[in-house]
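In my numbering, the protein residues as written are -10 to 106.
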């Protein structure tokens, strides 16, 4: 596989930001089938997925368990803020749906935006 083909493979990184942590930490990272499994697990567990190709390229180079580097703080903070807002909106929809017996819609990555080798 050429370097160009490798760079086009789907990649995924999972972060955890627990209370008391100085910064989010890498808890899963992979390309190809591993990336697909990370995304599938996120979907199965109703964990929101945010797509950012340039950020995943940076974070995918880090070892598991490491905090994200300071130069990524702003980008990750924007994503986390989006996810927190989305989570609050999802909770409101869930309460409304429960009273109306509807199923809320989750967040999924746009399959058309992925490039797989």
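Ideal Cβ positions, reconstructed from N, Cα and C, are used throughout, including at glycine.
Small disclaimer: the values here were computed from a predicted structure and weren't measured.
Could you check what DSSP says for residue 8 in three-state terms: helix, strand or coil?
Within the chain shown, numbered from 1, the residue matching residue 8 stands at position 19. Residue 8: coil per DSSP, three-state reduction.
Whole-angstrom distance between residue 46 and residue 33, CA atom to CA atom:
Position 44 of the chain shown, counted from the first residue, corresponds to residue 33. Position 57 of the chain shown, counted from the first residue, corresponds to residue 46. Cα to Cα, residue 33 sits roughly 24 Å from residue 46.
Would you give the residue range spanned by the beta strand (DSSP E) that residue 49 belongs to?
On the chain shown, residue 49 is found 60 positions in, with the first residue counted as 1. That residue, residue 49, is in no beta strand (DSSP E); it is neither H nor E in DSSP.
Taking contact to mean 3 or more Cβ pairs, one atom from each stretch, closer than 8 Å, check whether the segment 62 to 69 and the segment 5 to 19 are in contact.
yes
For residue 15, write down the residues that DSSP places opposite it in a beta bridge.
Residue 15 sits at position 26 when you count from the first residue of the chain shown. According to DSSP, which records beta bridges pairwise, residue 15 is partnered with 4.
What separation, rounded to the nearest whole angstrom, lies between the Cα atoms of residue 44 and residue 61?
Here the question's residue 44 lines up with position 55 in the chain shown. Here the question's residue 61 lines up with position 72 in the chain shown. When rounded, the distance between both Cα atoms is 7 Å.
As assigned by DSSP and simplified to three states, the class of residue 77
The residue labelled residue 77 in the question sits at position 88 within the chain shown. Looking at residue 77 - three-state DSSP - the assignment turns out to be helix.
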